[in-house]
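First comes the structure, then the notes that go with it.
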Amino acid sequence: MKKLKFVTSYSGGKDSVLSLYRMINKGYKPAGLLVTFDKDNTSCFHKVPKELFKKASQELNIPLIEVDCFDGNDYSKEFSKALKNLKDKEDINLCVFGDIDIENHKKWCLDICDEVGMKAEFPLWNEDRESLTKEFLEAGFSTVIKKVNLNLLSEKFLGVKLDIDIINEMKEIGCDVSGENGEYHTFVYDGPIFNNKIKFQIIDNQICENYGYLIIK
């Protein structure tokens, strides 16, 4: 039986990776990592360098689909254009998202897919946030904290490998351990679906308004 192809909206973080992992385990065939980039060649919102996504593409053996969202480009319009191109040229009719339970995020995904005649899939939807984070770690993935909301977490968490001790520390200070509300974001560099570990260097920390970013390359 021919496997159904899908593209995944890929941030490089733990939830998008866990969604990808689940889809692969269900027998679906990943046909692309769709990543939106800003004019500085880092991903929109999380600021992961394009070169690291190229490495991820290589180690996952999944093509990287670059979407430029800068110079005044409308984010939704560019995302929609990329999906339509995949549907028309690659016959891909399914896009996977790593959202857990934020309704307005889900609505945006559903609307953008409906616009081009694709189906949106949410493998993690409405599951327990902490359980998903623990499932990710227990599956054998490795991830580093790449961005923190400084109103909710201190700068000391930047560059830290996420593990059960860090989860417990977050719980003690009243932080949602999944980061679903934007408390933190991660970059996954190893795990059961990677051929090899993604090598990267930590350069520095950068503070911009209320957010701390780990500068990596």
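Heads up: the sequence shown begins at 1 in the UniProt record's numbering, then just goes up one per residue. Ideal Cβ positions, reconstructed from N, Cα and C, are used throughout, including at glycine. Just so it is clear, the structure is predicted and the values come from calculations on it, not from any experiment.
(1) Taking 9 angstroms as the threshold (C-beta atoms), are VAL148 and TYR211 in contact?
(2) At the level of alpha carbons, what is the spacing between ILE203 and GLU51?
(3) May I ask you to report which of helix, strand or coil DSSP gives SER43?
(4) Quick one: any contact between the stretch 6 to 20 and the stretch 119 to 126, if contact means 3 or more CB pairs under 8 angstroms?
(5) Locate the beta strand (DSSP E) running through TYR213, then write down its first and last residues.
(6) To the nearest angstrom, how far is the alpha carbon of ALA31 from that of LYS14?
(7) Taking only the alpha-carbon atoms, compute the straight-line gap between GLN58 and LYS47 and give it to the nearest angstrom.
(8) Determine the direct distance from the alpha carbon of ILE193 to that of LYS29, and round the result to whole angstroms.
(9) Taking 7 angstroms as the limit between beta carbons, can you name the residues of its chain near ILE24, skipping five residues before and five after?
(10) In whole angstroms, give me the CA-to-CA distance for ASN196 and ASP176.
(11) In the DSSP assignment, the alpha helix (DSSP H) including ASN104 goes from what residue to what residue?
(12) Less than 7 angstroms between C-beta atoms, sequence neighbours within five positions excluded: which residues of the same chain meet that for LEU158?
(13) Buried or exposed, going by whether 16 or more other CB atoms sit within 10 Å of the CB of GLY179?
(14) Have a look at ASP74, ILE216, VAL67 and flag the residue whose alpha-carbon is nearest the alpha-carbon of LEU83.
(15) Under a Cβ-count criterion, where at least 16 other Cβ atoms within 10 Å of its own Cβ denotes burial, should SER16 be classed as buried or exposed?
(16) I want to know whether the stretch 129 to 141 touches the stretch 106 to 114 - three or more CB-CB distances under 8 angstroms.
(17) In terms of residue numbering, what span does the alpha helix (DSSP H) encompassing PHE136 cover?
(18) Given a cut-off of 9 angstroms on the beta-carbon distance, is the pair GLU183 and LEU162 in contact?
(19) Taking the alpha-carbon positions, what's the CYS44 to LEU33 distance?
(20) Is THR8 closer than 9 angstroms to GLY98 when the C-beta atoms are compared?
Reading it off the structure:
(1) yes
(2) 15 angstroms
(3) strand
(4) yes
(5) 211 to 216
(6) Cα to Cα, ALA31 sits roughly 19 angstroms from LYS14.
(7) 20 angstroms
(8) 13 angstroms
(9) PRO30, ILE193
(10) 30 angstroms
(11) 103 to 116
(12) ILE145, VAL148, ASN205, GLY212, LEU214
(13) buried
(14) VAL67
(15) buried
(16) no
(17) Here the alpha helix (DSSP H) through PHE136 covers 129 to 138.
(18) no
(19) 14 angstroms
(20) yes
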